[in-house]
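Asker: These protein sequence lines are chains A and B, in that order.
Counting in our numbering, the first sequence runs from 93 upward without gaps.
Counting in our numbering, the second sequence runs from 141 upward without gaps.
Virtual Cβ for every residue (Gly too), placed ideally from N, Cα, C.
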Amino acid sequence: MLACSGLTLAVPGRVLARAIGFEVRGGEIWAVLGANGSGKTTLVHALAGLAPAPAGTVTLDGAPLASCGSAERAASIGVLLQQEEADYWGSALDYVLLGRFPRARSWFGWSAGDEAAARAALAAVGLDAFAARGYRTLSGGERQRARIAQLLAQEPRALLLDEPLQHLDLRHQVAVLRLVSGLAREHGRAVVMVLHDALWPARFCSHALLLYGDGAVEAGAAADLLGRERLERLYGCPLREIESDGRKFFAPV
Amino acid sequence: MAVMSRPAVLMIVMLAASVASLFAALLSGPFPISALQVLDSLLYPVPGLVHDVIWGLRAPRAAAAFAVGGLLALAGALLQVLLRNALADPYVLGISGGAAFGALLALAAGAGAAMMNAAAFAGALVAIAVVFGLSFRAGDWDVYRLLLTGVVLAAGFSALVSLALVMAPDAQVKGMLFWLMGDLAYAGSPAAAWIVLVVTGGIAVAHAVRLDLLALGELKAHALGLAVKPLQIAIFVAAALATVAAVLLAGSVGFVGLMVPHAVRLMGVTAHRWLLPLAMLLGAAFLTTADTAARTLFAPQQLPVGVLTALIGVPVMLVLLGRSRARV
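1) Of all the alpha helix (DSSP H) runs that stay within the bounds of the stretch 339-383 of chain B, which reach a length of 4 or more residues?
2) Nearest chain A C-beta to Leu366(B) closer than 9 Å, yes or no?
3) Residues of chain B with a CB under 9 Å from the CB of Asp186(A): which are they?
4) If you scan the stretch 171-217 of chain A from start to end, which runs of the alpha helix (DSSP H) of 4 or more residues do you find wholly inside it?
5) Report the three-state DSSP secondary structure of Val468(B) (helix, strand or coil).
6) Rounded to whole angstroms, what's the CA-CA distance from Val468(B) to Pro146(A)? Just pull it up for me.
7) So for Met144(B), helix, strand or coil by DSSP?
8) At the level of alpha carbons, what is the spacing between Gly250(B) and Leu244(B)?
9) Name, in chain order, the residues that DSSP records as bridge partners for Gly312(A).
10) Taking the alpha-carbon positions, what's the Thr229(A) to Ala102(A) distance?
11) Is the shortest distance between the beta-carbon of Arg224(B) and the beta-carbons of chain A less than 9 Å?
12) Quick one: is Ala355(B) near chain A, going by C-beta distance under 9 Å?
13) Contact between the stretch 297-304 of chain B and the stretch 223-238 of chain B: three or more CB pairs below 8 Å?
14) Report the neighbours of Phe200(A) on chain B: residues whose CB is nearer than 7 Å to its CB, in chain order.
15) Can you pull the DSSP bridge partners for Cys346(A)?
16) Looking at C-alpha atoms only, which residue of Arg198(B), Val454(B), Met407(B), Pro455(B) is the closest neighbour of Met151(B)?
17) Output needed for Ala260(B): all residues of its chain with C-beta closer than 8 Å, excluding positions within five of it in sequence on either side, in chain order.
18) Are Asp360(B) and Ala178(A) touching if we call contact CB-CB under 9 Å?
19) Please confirm if Ala466(B) has its CB atom under 9 Å from at least one CB of chain A.
20) Does Lys314(B) come within less than 9 Å of chain A when only Cβ atoms are used?
21) List the residues that DSSP assigns as beta-bridge partners of Ala155(A).
22) Which stretch, first to last residue, makes up the alpha helix (DSSP H) that contains Gly307(B)?
23) Asn257(B): buried (16+ other C-beta within 10 angstroms of its C-beta) or exposed?
24) If contacts are defined as beta-carbon pairs under 8 Å, then Leu318(A) and Val309(A) qualify, I think. What distance do you get, rounded to the angstrom?
25) Name, please, each residue of chain B whose Cβ falls closer than 8 Å to the Cβ of Val171(A).
26) Using the Cα positions of Val286(A) and Ala215(A), report the straight-line distance between them to the nearest angstrom.
27) Are the beta-carbon atoms belonging to Ala138(A) and Cys96(A) less than 9 Å from one another?
28) I think Ala213(A) touches Ala184(A), with their Cβ atoms under 8 Å apart; what is that distance to the nearest whole Å?
29) Give the DSSP bridge partners of Glu335(A), in chain order.
30) Give me the chain B residues within the contact set of Tyr180(A), using Cβ-Cβ distance strictly less than 7 Å, ordered along the chain.
31) Can you tell which of Ala439(B), Leu167(B), Leu214(B) has its C-alpha closest to the C-alpha of Ala378(B)?
32) Would Ala362(A) be called buried (16 or more neighbouring beta carbons within 10 Å of its own) or exposed?
33) If contact is defined by three or more beta carbon pairs under 8 Å, each pair taking one atom from either stretch, is the stretch 266-285 of chain A in contact with the stretch 189-209 of chain A?
34) As a quick exercise: from Gln177(B), Leu179(B), Glu358(B), Gly196(B), pick the residue whose alpha carbon is nearest that of Asp282(B).
35) Work out the CA separation of Val271(B) and Val292(B) for me, nearest whole Å.
36) Give me, in chain order, the residues of the same chain whose beta-carbon lies closer than 6 Å to that of Ala205(B); leave out the 5 immediate sequence neighbours on both sides.
Spelled out as structure tokens, the structure:
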């Protein structure tokens with residue numbers, strides 16, 4: 093569904109990754125892993141069509157993303173940004189409704205269908221009781237869930253999540269990952285998410301993309317890539333292997 | 141029975157306030173006319189003294205004040221979103237500075253009203269061209285640079301205006317000060333301002349959801365499918381048009397453009413599809429009321445309406461600020 097080839101990631105003065113090529117198909121969940129500053133967010137922005145990469149192409153269903161209009165792109169690809177620049181002054185429901193923009197057909201305000209979708213999205217992240225609350229009055233974790241709800245209301249086929257678990261407590265981390273894997277497995281959505289934890293990818297992700305930050309990149313099935321040697325090189329710190337229920341997990345020594 | 145939403149209730153209140161402010165403007169003045177006579181003259185225009193006072197003097201001025209108030213509030217609300225700066229007002233981009241310098245040069249040269257308007261228009265166009273040209277180079281558009289360019293340009297014009305005030309003969313300084321503080325006594329025909337108000341206001345309200353998105357930040361708006369740059373350019377053009385139309389009629393009336401959008405926000409309205417029309421109506425009703433006070437409080441002495449907007453507006457805003465802190 094969403095693919096890239098020959099993609100180069102760079103920040104001013106430094107090339108982070110060269111010749112990235114992979115395709116995310118419907119139903120797959122990709123984990124993007126890498127140390128701080130290794131280009132994870134830059135990759136998400138490039139895949140989302142928000143910031144064109146210096147080299148390489150991103151395609152959506154085979155067509156180059158660069159030739160796609162903004163609204164058309166946002167109807168297919170949804171992004172959960174790592175940071176939002178501005179405060180939002182309206183209610184949580186109004187905030188989630190903004191996710192309906194690429195689908196909205198109404199001239200003044202939102203249609204009943206838009207509002208139903210927004211309320212369903214709030215309910216999916218457990219914020220149904222917060223619809224009328226001011227977005228600014230929400231806690232950090234509640235805001236993060238409201239942002240996920242906005243993405244759900246957008247109903248994209250491909251979801252790019254930049255650190256979806258930040259600010260979330262353990263219970264909500266699991267809830268969000270279950271929600272996301274349900275979207276992939278049951279609704280055939282394609283998911284790419286930046287994670288910081290070596291624990292979750294083994295459990296929830298089918299594929300992994302490792303950004304080593306020095307130009308090297310590896311992409312493939314999660315089972316092949318998520319081994320101790322690779323993760324130790326990736327994070328530059330020794331890891332302990334823990335086995336439980338036949339699954340391998342990694343924690344810092 | 142469905143309960144009306146808060147913005148809808150506010151809308152009715154603002155519409156009523158607008159009608160009341162216009163009616164009060166027609167009613168007030170040195171020549172005594174009763175409310176009944178005003179209604180009579182509005183409904184059945186019969187030539188005569190009352191008719192001339194209402195249709196020739198008070199109605200055009202009230203219409204001008206109403207349009208200017210609406211335009212300033214609209215421009216302020218638009219620029220606050222575009223620049224993502226709560227302190228943005230219609231004058232922040234130097235447009236009114238350019239107009240003021242043009243008008244003052246014409247005044248100093250002893251030009252008539254038409255010449256003065258043309259000079260103010262030319263000054264505003266120069267300012268718009270410079271600000272837009274400098275911040276939109278080679279397809280690279282940066283709102284931060286737009287804001288800084290405007291502020292720098294405004295500072296330059298402000299110095300030139302001060303220079304013009306110092307160099308001008310004493311007899312003309314008072315006229316210049318009235319222009320700078322904002323004054324509707326010499327307002328020309330408000331027809332053009334009304335057209336700009338209705339057209340830009342209508343277009344802005346029709347695209348209000350896009351403004352809501354832009355308020356989230358450029359990257360976020362882009363991620364949600366908004367074509368950010370074309371919208372920013374459109375907002376700049378709309379705000380510039382509204383500012384020029386207002387300044388040409390009334391000079392630099394302060395306070396309305398900065399504070400009216402905030403007043404509406406303090407009433408709990410943030411979605412632009414309500415914020416924009418409410419701000420336009422509130423700004424219009426407010427400036428019409430302020431202008432009525434400006435010409436009647438110390439009659440026959442007339443005050444510049446720009447002084448009144450601040451004198452009335454400051455206490456109202458302080459009350460609103462205190463109230464909303466208690467609620468949040």
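Answerer: The structure says:
1) Fully enclosed alpha helix (DSSP H) runs of 4 or longer: 348-354, 358-363.
2) With 9 Å as the cut-off, Leu366(B) counts as an interface residue toward chain A.
3) Ordered by position in chain B, the residues that pass the 9 Å Cβ test against Asp186(A) are Asp352, Thr410, Ala411.
4) Listed in chain order, the alpha helix (DSSP H) elements of length 4 or more contained wholly in the stretch 171-217 of chain A are 184-189, 204-216.
5) Because Val468(B) sits at a pLDDT of 41, beneath the cut-off of 50, its placement in the model cannot be relied upon, and the following sentence gives the value as read from the coordinates. It is coil, neither helix nor strand.
6) Note on Val468(B): pLDDT 41, under 50, position unreliable in the model; the coordinate value appears next. Taken atom to atom, the span from the alpha-carbon of Val468(B) to that of Pro146(A) is near 47 Å.
7) Met144(B) falls in the coil class under three-state DSSP.
8) Spanning the two alpha carbons is a distance of roughly 10 Å.
9) Residue pairing for Gly312(A): DSSP places it in a beta bridge opposite Ala300(A).
10) Just so you know, the alpha carbons of Thr229(A) and Ala102(A) end up roughly 37 Å apart.
11) For Arg224(B), the nearest CB of chain A lies under 9 Å from its own CB, placing it at the interface with that chain.
12) With respect to chain A, the C-beta atom of Ala355(B) has a partner C-beta closer than 9 Å.
13) When Cβ pairs closer than 8 Å are counted between the two stretches, the stretch 297-304 of chain B is seen to touch the stretch 223-238 of chain B, the count reaching three or more.
14) Those within 7 Å of Phe200(A) in chain B are Arg413.
15) Here chain A comprises residues numbered 93 to 345, so residue 346(A) is not present and cannot be evaluated.
16) When only C-alpha atoms are compared, the closest one is Met407(B).
17) Cβ within range, chain order: Ala239, Ala240, Gly242, Ala243, Ala246, Val387, Leu388.
18) Inspection of the sequence shows that residue 360(B) is occupied by Lys rather than by Asp. Yes, the pair counts as a contact, with Cβ atoms nearer than the cut-off.
19) Here the model assigns Ala466(B) a pLDDT of 45, short of 50, so the residue's position is not dependable, and the following value carries that caveat. Taking a beta-carbon distance threshold of 9 Å, Ala466(B) does not count as an interface residue toward chain A.
20) By this cut-off, Lys314(B) is not an interface position.
21) According to DSSP, Ala155(A) bridges with Leu152(A).
22) One detail in the question is off: residue 307(B) reads as Met in this sequence, not Gly. In the DSSP annotation of this structure, the continuous segment of the alpha helix (DSSP H) that includes Met307(B) starts and ends at 283-307.
23) Buried.
24) Contact flag wrong, Cβ pair sits at about 15 Å.
25) Simply Ala363.
26) Looking at the two C-alpha atoms, the distance is approximately 24 Å.
27) Cβ atoms of Ala138(A) and Cys96(A): closer than 9 Å.
28) No, Ala213(A) and Ala184(A) are not in contact; Cβ-Cβ is about 11 Å, not under 8 Å.
29) Its beta-bridge partners are Lys340(A).
30) Neighbours of Tyr180(A) on chain B, chain order: Leu356.
31) Taking the Cα of Ala378(B) as reference, the smallest distance to any Cα among Ala439(B), Leu167(B), Leu214(B) is reached at Leu214(B).
32) Because chain A spans 93 through 345 in this model, residue 362(A) falls outside it and cannot be assessed.
33) The stretch 189-209 of chain A vs the stretch 266-285 of chain A: no contact.
34) The residue from Gln177(B), Leu179(B), Glu358(B), Gly196(B) with its alpha-carbon nearest to that of Asp282(B) is Glu358(B).
35) Here the C-alpha atom of Val292(B) lies approximately 10 Å from the C-alpha atom of Val271(B).
36) Correct list, in chain order: Leu324, Leu427, Thr428, Asp431.
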